[in-house]
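A.B. asks: Its first residue numbered 7, the sequence shown is counted upward by one per residue in this note's numbering.
Quick one: the structure is below, questions incoming.
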Amino acid sequence: MKMLAKALVATATALTASAAFAFPVNLTSVSGSFENAVGGSNVNGEGTSQIRWGYSSGAGQSGYNFNGTSPLPQTILDSDAFVLGSLTHINKPVTGDGITGVDLAVNLGFDGFGDNGGSSGTFVFAHDETPNTAPEVTGQWCLGIPFFGLCLGKWQDIVSNSGDVDDQIWILDEYVTSTDFQLGNNLYSLDLLGFEGDLETFLTAENAITSVNLLARLNVTELPVPEPGTMALLGLGLLGLGAARKRARQ
7 MKMLAKALVA
17 TATALTASAA
27 FAFPVNLTSV
37 SGSFENAVGG
47 SNVNGEGTSQ
57 IRWGYSSGAG
67 QSGYNFNGTS
77 PLPQTILDSD
87 AFVLGSLTHI
97 NKPVTGDGIT
107 GVDLAVNLGF
117 DGFGDNGGSS
127 GTFVFAHDET
137 PNTAPEVTGQ
147 WCLGIPFFGL
157 CLGKWQDIVS
167 NSGDVDDQIW
177 ILDEYVTSTD
187 FQLGNNLYSL
197 DLLGFEGDLE
207 TFLTAENAIT
217 SVNLLARLNV
227 TELPVPEPGT
237 MALLGLGLLG
247 LGAARKRARQ
């Protein structure tokens, strides 16, 4: 009877232990492309990992770059957040209209337990291409009598509304566009989380570049149902164990 009990415990353990063996898996590929730009003048690069807009004032266009995480493969040990790549904002002085939003479609490949799988999703960004209209001092004039570079009176600042203003980027939404995928006996789903550090938005100064990591997570959403033969065997074993105990009491 002890042998039968041990066998039943081992069978039940095998049926419930698959969740503990859902990791590690490998992130093997990451790609991304910008799509559905809203507004903007002279927009180019949609459908690629680099999008640009505006007319250059001599230093190039403003835009975004997406770079997948590297090096690959990257081992994922559990369902904690991992870095799938980075969003880089390039803020240049441009003329014309900036975009007000754009999507970043990402595709991730995984392998593990002898299988390959993948998932895709989309980040939705809002963008504020601010005009450079901050007040700044561009010179001084003499409120009085100028005298050989001196001022017999008071120097007064000359202020113009031409100073730099930071651009701002937000994540409006993130969603997965593919179904779950299976590696071995485990079923996984991708969860897009957003900017690293719980950021909801970030700023980029004029003539500057800002990069922020994008995070995702793998969830084990479903485990396979045991085969009917296995469940029947477990049920018969339990009945046998009960009968054996009853006889022992008698």
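Where is the CB? At the ideal position from N, CA and C, for every residue including glycine.
Near ASP197, which residues of its chain fall below 8 Å by C-beta distance, leaving aside the five closest residues on each side in sequence?
C.D. replies: The count along the sequence shown starts at 1 and reaches residue 197 at position 191. Hits under 8 Å: VAL182, ALA222, ARG223, LEU224 and ASN225.
A.B. asks: Comparing alpha-carbon positions, which option in GLY64, LYS98, ASN71 and GLY66 lies nearest GLY53?
C.D. replies: Residue numbering aside, residue 53 sits at position 47 when the sequence shown is read from its first letter. The residue with the shortest Cα to Cα distance from GLY53 is ASN71.
A.B. asks: Is the beta carbon of ILE175 sitting closer than 9 Å to the one on LEU209?
C.D. replies: Counting from 1 along the sequence shown, the entry for residue 175 is found at position 169. Counting from 1 along the sequence shown, the entry for residue 209 is found at position 203. Yes, Cβ-Cβ distance for ILE175 and LEU209 is below 9 Å.
A.B. asks: Going by CA-CA distance only, name the one from THR75, SER63 and ASP163 that's closest to GLY38.
C.D. replies: Locating residue 38 in the sequence shown gives position 32, where the first residue counts as 1. Taking only the C-alpha atoms, the option nearest GLY38 is THR75.
A.B. asks: Got a sec? Which residues, its chain only, sit under 6 Å from GLU202 by beta carbon, not counting five neighbours each side?
C.D. replies: Mapped onto the sequence shown, residue 202 falls at position 196. These residues qualify, in order along the chain: ASN219 and LEU221.
A.B. asks: State the DSSP-derived secondary structure class of THR183, mapped to helix, strand or coil.
C.D. replies: Numbered from 1 along the sequence shown, position 177 holds the residue referred to as residue 183. The answer is coil: DSSP assigns THR183 none of H, G, I, E or B.
A.B. asks: Assign GLY104 to one of three DSSP states: helix, strand, or coil.
C.D. replies: Translated into positions along the sequence shown, residue 104 becomes position 98. The answer is coil: DSSP assigns GLY104 none of H, G, I, E or B.
A.B. asks: Flag SER39 as yes if its beta-carbon sits less than 9 Å from any beta-carbon of chain C, otherwise no.
C.D. replies: Given the protein chain composition of this structure (a single chain), no chain C is represented.
A.B. asks: Can you check whether the CB of THR81 is closer than 9 Å to the CB of ASN32?
C.D. replies: Here residue 32 corresponds to residue number 26 of the sequence shown, with the count starting at 1. Here residue 81 corresponds to residue number 75 of the sequence shown, with the count starting at 1. In contact: ASN32 and THR81 (Cβ atoms closer than 9 Å).
A.B. asks: According to DSSP, is GLY203 helix, strand or coil?
C.D. replies: Counting from one through the sequence shown, the residue named residue 203 turns up at place 197. Helix.
A.B. asks: Quick one: residues in its chain with C-beta nearer than 6 Å to the C-beta of ASN50, no 5 flanking neighbours on either side, listed in chain order?
C.D. replies: The residue labelled residue 50 in the question sits at position 44 within the sequence shown. For ASN50, where only same-chain residues beyond five positions count, the Cβ hits under 6 Å are ARG58.
A.B. asks: From which residue to which residue does the beta strand (DSSP E) around ASN42 run?
C.D. replies: As a first step, residue 42 must be located in the sequence shown, where it is residue number 36. From DSSP, the beta strand (DSSP E) with ASN42 extends over 31-45.
A.B. asks: Among residues of its own chain, excluding the 5 on either side of THR207, which ones have a beta-carbon nearer than 7 Å to its beta-carbon?
C.D. replies: Your numbering for residue 207 matches position 201 in the sequence shown. Around THR207: GLN174, ILE175 and TRP176.
A.B. asks: Can you give me the C-alpha to C-alpha distance between VAL36 and ASN97, rounded to a whole angstrom?
C.D. replies: On the sequence shown, position 30 is the one that residue 36 refers to. On the sequence shown, position 91 is the one that residue 97 refers to. Cα-Cα distance, rounded: 25 Å.
A.B. asks: Using the rule of at least 16 other Cβ atoms within 10 Å of the residue's Cβ for burial, across every protein chain shown, is ILE215 buried or exposed?
C.D. replies: For the purposes of this step, residue 215 is taken as residue 209 along the sequence shown, with counting starting at 1. ILE215 is exposed by the Cβ-count criterion.
A.B. asks: Return the residue from the list SER85, GLN67 and GLU41 that minimises the CA-CA distance to ASN48.
C.D. replies: Position 42 of the sequence shown holds residue 48. Considering only alpha carbons, the answer is GLN67.
A.B. asks: Let's test the definition: count the other Cβ atoms within 10 Å of the Cβ of ASN213 and tell me whether it reaches 16, buried, or not, exposed.
C.D. replies: Here residue 213 is taken as the residue at index 207 of the sequence shown, counted from 1. Exposed, since its Cβ has fewer than 16 Cβ neighbours within 10 Å.
A.B. asks: Under a three-way DSSP split, which group does PHE119 fall into?
C.D. replies: Walking along the sequence shown from the start, residue 119 turns up at place 113. Here PHE119 sits in coil by DSSP.
A.B. asks: From the DSSP secondary-structure annotation, give me the bridge partner or partners of GLN174.
C.D. replies: Position 168 of the sequence shown, counted from the first residue, corresponds to residue 174. Paired residue(s): ASP134 and LEU209.
A.B. asks: In the DSSP output, which residue or residues are listed as bridge partners for PHE129?
C.D. replies: By 1-based counting over the sequence shown, the position of residue 129 is 123. Partner(s): LEU110 and GLU180.
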